[in-house]
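According to this note's numbering, the sequence shown is numbered sequentially starting from 132. This report refers to the structure that appears directly beneath it.
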Amino acid sequence: MGYTLLGYNFGFVKKTLNSKENKVLLEMLYQLRASSGLRQSDLADLLNVPQSFISKIESGERRIDFIELREILKCLRSDIIEFLTEFENKINAGRK
Numbered sequence: 132m133g134y135t136l137l138g139y140n141f142g143f144v145k146k147t148l149n150s151k152e153n154k155v156l157l158e159m160l161y162q163l164r165a166s167s168g169l170r171q172s173d174l175a176d177l178l179n180v181p182q183s184f185i186s187k188i189e190s191g192e193r194r195i196d197f198i199e200l201r202e203i204l205k206c207l208r209s210d211i212i213e214f215l216t217e218f219e220n221k222i223n224a225g226r227k
């Protein structure tokens, strides 16, 4: 039992916390925050959340949804389209 959406086949949706894609996403977010010169607590302050919120995301303990990703990227002054394009490129490079 599964379905296809936008050319992707979703036979069985696997847990994503430990997926390769999630690891790429978390590494990209960490690198972006670090290159912005922000500590976890700085980003947390910008988002009005506890520092542990950022820590749990970066450690892979907590998933983020699209709206949260968008807000994080806005705080890091990163274009969401460029970020998602880079993400897709990294994922696809690993499949070759």
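Each residue gets a CB set at the ideal place from its N, CA and C atoms; glycine is no exception.
Residue from A224, N179, D210 with nearest C-alpha to L160: D210
Own chain residues within Cβ distance below 7 Å of R164, not counting five before or after: L174, L207
Short of 7 Å in beta carbon distance, which residues of its chain neighbour F218, apart from the five on each side in sequence? Order them along the chain. V155, L156, M159
Quick one: is F214 buried, meaning 16 or more other Cβ sit within 10 Å of its Cβ, or exposed? buried
S172, DSSP secondary structure in three states: helix
Round the Cβ separation of E202 and L178 to the nearest angstrom and send it over; I've been treating them as touching at under 8 Å. 6 Å
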